[in-house]
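Undergrad:
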Amino acid sequence: MKHLRLPKPHFIRLDSISRRLNRNAVRVLPLLFGFILTLMLGTYSLAAEPKATEILWDTMGVPHIFGKDVPSAFQAFGWAQMQSHGNLLLRLYGQARGRSAEYWGKEYLESDRWVQTMGIPDRARQWYEAQNPTFRRALDAFAAGINAYATQHPDLIGDEVERVLPIHAVDVIAHSQRVLHFTFVVDPQMLAGLTDEEVPRGSNAWAIAPSHSESGNAMLLANPHLPWSDLFLWYEAQITAPGIDAYGATLVGIPVLAIAFNDHLGWTHTVNTHDGWDTYELTLSHGGYRFDDKVRPFEREEKTLKVKQSDGKLRKEKLMVRRSIHGPVIKEEKGKAIALRVVGLDQPGLLEQWWNMARATNLSQFETALRPLQLPMFTVIYADREGHIMHLFNGQVPVRKQGDFAYWEGIIPGDTSATLWTNYHRYDQLPRVLDPASGWLQNANDPPWTTTFPRAIDANDYPSYMAPRGPMNFRAQSSARMLTEDSRISFEEMIQYKHSTHMELADRVLDDLLRAATNDSSEIVRQAIPILKAWDRNANAESRGAVLFAAWVEAMNLSKAFATPWNENAPRTTPNGLSNPKSAVAALKTAATKVKTAYGALDVPWGDVFRLRYGSIDLPANGGPGKLGIFRVLNFVPNDQGQFESSDGDTFTAAIEFSNPVRAMALTSYGNATQPHSAHVGDQLKAFSQKQLRPVWRSRQEILAHLAERQTF
5 MKHLRLPKPH FIRLDSISRR LNRNAVRVLP LLFGFILTLM LGTYSLAAEP KATEILWDTM
65 GVPHIFGKDV PSAFQAFGWA QMQSHGNLLL RLYGQARGRS AEYWGKEYLE SDRWVQTMGI
125 PDRARQWYEA QNPTFRRALD AFAAGINAYA TQHPDLIGDE VERVLPIHAV DVIAHSQRVL
185 HFTFVVDPQM LAGLTDEEVP RGSNAWAIAP SHSESGNAML LANPHLPWSD LFLWYEAQIT
245 APGIDAYGAT LVGIPVLAIA FNDHLGWTHT VNTHDGWDTY ELTLSHGGYR FDDKVRPFER
305 EEKTLKVKQS DGKLRKEKLM VRRSIHGPVI KEEKGKAIAL RVVGLDQPGL LEQWWNMARA
365 TNLSQFETAL RPLQLPMFTV IYADREGHIM HLFNGQVPVR KQGDFAYWEG IIPGDTSATL
425 WTNYHRYDQL PRVLDPASGW LQNANDPPWT TTFPRAIDAN DYPSYMAPRG PMNFRAQSSA
485 RMLTEDSRIS FEEMIQYKHS THMELADRVL DDLLRAATND SSEIVRQAIP ILKAWDRNAN
545 AESRGAVLFA AWVEAMNLSK AFATPWNENA PRTTPNGLSN PKSAVAALKT AATKVKTAYG
605 ALDVPWGDVF RLRYGSIDLP ANGGPGKLGI FRVLNFVPND QGQFESSDGD TFTAAIEFSN
665 PVRAMALTSY GNATQPHSAH VGDQLKAFSQ KQLRPVWRSR QEILAHLAER QTF
């Protein structure tokens, strides 16, 4: 296939003009005068339709793409992603091909085995052919934009990733599959037994109706939580072309916006309590496996993986992929095999569905875009200018003949067709609520039954395997509490609540702990008591007592800690109290000793221990793990200085009010670029540390007032 070609762009760099002005005012004044005259004469008229495709880069590194047509907008978006994330983008596409060990060595071999065993490259080719021809041309254009940037700026692309070029739209589809189906739907690290915990993947989301809003306008809060690296990074952008004018973010390498809003409506996603994969135990027999009292042969395919050696030569390695009727075999031992079945592998339209969601201008059009259910998972939280709010437990949910949610989380007998699902629930069979009486909706990765109160979705109306009955986690309880306590929420208050570092868990157990601790005679516990009493129960940078409480939580076994366990009839006030105060005090003694030994004081400020680190930037953190009931989520990993540094949590955040015009504030925590030459690596982290969002510039007038660079194609 021939790649589309972008003409070489023309650049206007305002920072360059400024530097030249300082060096030689006489030389630059005519240029500056000509630029101003051009604006006055209308070549850059704010009201005029663009005659060419252009990218207006604002001072925060956000590309505002104005396409003369849809393919041109996709081309420019591919170009923009390369300018901001080129090295990462090519590395991700190389992995999605299942050839990353060939490019970069044996440390990528497991990635290639996973990608090839799951059949991602072959399926991506099939999906490419299955695309709507119009949308396929758009995907071709996105890939062409990537290649055009690399051709024109080879010096800005890392030598180690150039081998992946050129990019084809098939690579884009393969990457989308790897991210959505084989990272979000099913976690390969956990599946392989390499970790006992899932990669942190979470979100907060709010939709507030006019009846609950101070201004009388609907509002939306988007707040995904993901790792700050690799395929989990968000990329913020605006895409404008005939039929679309949307602002939002997508994961690097995805060619459409995944969370977005326009002048009429917006949506965000959370990772829902969705079971989209199952492992089936097969009984091996005569080279095949038993199924419905017969022996079926495996489908076999031998693949050759290439592995780059230290001397640059390639070593070949054979990979035998076996597939049962359920899916690929991922493990075998003692006459048994485990096969994996994943939803959505016959649904090639997920990228076009996101594109259509961004083009919708009312609720009816938006639900028309949702109904095909091409996205394999993710809750949809929605709001619009007409005042509607909606929660949809979105995804491809298998129609199962038996068992509840817990049953399907285990290993399923694979020797009978009775356990083999082949169909999905329809759109109108999924948990959904529109315009609840409460005036608000929330999701913090809790099941759909607790999206609002009074409850608007009854778990009894759905199959028991649809989603677990609970629990409602502490972060979700904090979310619902803030929405309930304020009956008229302003736009500014929504942003303030979004940054809450209050530990909901402390409200449930700290009083019991302090009462029990007063009976302990040890000096370290007596020192801890006044610190915990004075603590404001927040995890702000200056909070004293938060480190000690968090250390106590780590010393406790929370699964058995509560006097009153979680109860679905009291979902926002349970669990509560301490079941064994004596053991809780013993854990406090352990935690206090550890904190004092490590930091020299029990009241060490939270921000001295927990740090915001990205690249060379090092700032005191606020926020913390969601398991503590903190709404502003940050997770940390230990470093070699005895501190903990941010690894995941709040990423792209957007607060939107559907006024006229739409009002929006946003932040991409780690900045909107990873390329080494970019000034936008980590440039938003200081604002993040100060709990600030920045204005979203959407109109051409606003963008031109904050213009850093202009590229015209």
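Numbering-wise, our numbering comes out as the position in the sequence shown, counting from 1, plus 4. Idealized CB from N, CA, C, for every residue including glycine. Since the structure is predicted, the reported quantities are computational estimates derived from the model, not experimental observations.
(1) Please check the pair I212 and G443, which I expect to be a contact at CB under 8 Å, by giving their CB distance rounded to whole angstroms.
(2) Identify every residue that forms a DSSP beta bridge with W118.
(3) Does DSSP put V423 in a helix, in a strand, or in coil?
(4) Bridge partners of N208, per DSSP?
(5) Take N542 and list the residues in its own chain whose beta-carbon comes closer than 6 Å to its own, dropping the five residues that flank it on each side.
(6) Can you have a look at T423 and say buried or exposed, based on whether 16 or more other CB atoms are within 10 angstroms of its CB?
(7) Can you tell me whether G280 is helix, strand or coil according to DSSP?
(8) Around the Cβ of P417, are there at least 16 other Cβ atoms within 10 angstroms (buried) or fewer (exposed)?
(9) Out of L355, A209, H681, V333, point me to the one whose CA is closest to L184's CA.
(10) Compute the distance between the beta-carbons of A173 and Y132, then report whether it is under 8 Å.
(11) Report the rounded CA-to-CA distance for W210 versus Q120, giving the unit in angstroms.
(12) Output the residue ranges of the alpha helix (DSSP H) runs that lie fully inside the segment 300–348 and measure 4 residues or longer, sorted by chain position.
(13) Exposed or buried, D159, counting other C-beta atoms within 10 Å across all chains shown (16 or more means buried)?
(14) Measuring CA to CA, which of G270, P680, P451, A484 is closest to A393?
(15) Could you check if S368 is buried or exposed, using at least 16 other CB atoms within 10 Å of its CB as the buried criterion?
(16) Can you give the Cα-Cα distance for R24 and D687, rounded to whole angstroms?
(17) Taking the continuous alpha helix (DSSP H) assigned at V613, which residues delimit it?
(18) Please determine, among P579, K593, E413, the residue with the shortest C-alpha to C-alpha distance to A559.
(19) Check whether the segment 285–297 touches the segment 253–273, taking contact to mean three or more Cβ pairs, one atom from each stretch, closer than 8 Å.
(20) Classify A173 as helix, strand or coil using the three-state DSSP reduction.
(21) One question on the structure: do P452 and P435 come within less than 8 Å of each other, judged by their Cβ atoms?
(22) Buried or exposed: where does L230 fall if 16 or more other Cβ atoms within 10 Å of its Cβ makes it buried?
(23) On the CB-based measure, 16 or more other CB atoms within 10 Å of its CB, does T522 come out buried or exposed?
(24) When burial is assigned at 16 or more other CB atoms within 10 Å of the CB, is D116 buried or exposed?
(25) Just list the residues that DSSP pairs M669 with in beta bridges.
(26) Curious, which full-length alpha helix (DSSP H) runs of at least 4 residues does the segment 549–573 contain?
(27) Between D652 and N639, which are expected to be in contact by the criterion C-beta below 8 Å, what is the C-beta distance as a whole number of angstroms?
(28) Give the range of the alpha helix (DSSP H) segment to which Y251 is assigned.
(29) A532 and K586: beta carbons closer than 8 Å?
(30) Using the rule of at least 16 other Cβ atoms within 10 Å of the residue's Cβ for burial, across every protein chain shown, is P259 buried or exposed?
(31) Candidates Q715, A56, A448: which alpha carbon is nearest G633's?
(32) Quick one: what does DSSP say Y293 is sitting in, helix, strand or coil?
(33) Nearest CA to the CA of G98: which residue from V168, G149, E58?
(34) Distance, Cα to Cα, E305 vs M381?
(35) Three or more beta-carbon pairs under 8 Å between the segment 63–77 and the segment 128–145, yes or no?
(36) Looking at the secondary structure, which residues open and close the alpha helix (DSSP H) in which Q87 lies?
TA: With the structure as the only source:
(1) 7 Å
(2) Beta-bridge pairing links W118 to no other residue.
(3) Note that residue 423 is Thr in the sequence shown, not Val. In this structure, T423 counts as helix in the three-state DSSP scheme.
(4) N227
(5) T505, H506
(6) buried
(7) coil
(8) exposed
(9) L355
(10) yes
(11) 38 Å
(12) none
(13) exposed
(14) The sequence given here has Ile at residue 393, not Ala. It is G270.
(15) exposed
(16) The predicted model places R24 with a pLDDT of 38, which falls under 50 and marks its position as unreliable; any figure quoted below should be read in that light. Looking at the two C-alpha atoms, the distance is approximately 24 Å.
(17) 610–613
(18) K593
(19) no
(20) helix
(21) yes
(22) buried
(23) exposed
(24) buried
(25) A659, P699
(26) 550–559
(27) 5 Å
(28) Looking at the DSSP string, Y251 is not in any alpha helix (DSSP H); the run it does join, the beta strand (DSSP E), is 248–255.
(29) no
(30) buried
(31) A448
(32) strand
(33) V168
(34) 29 Å
(35) yes
(36) 74–100
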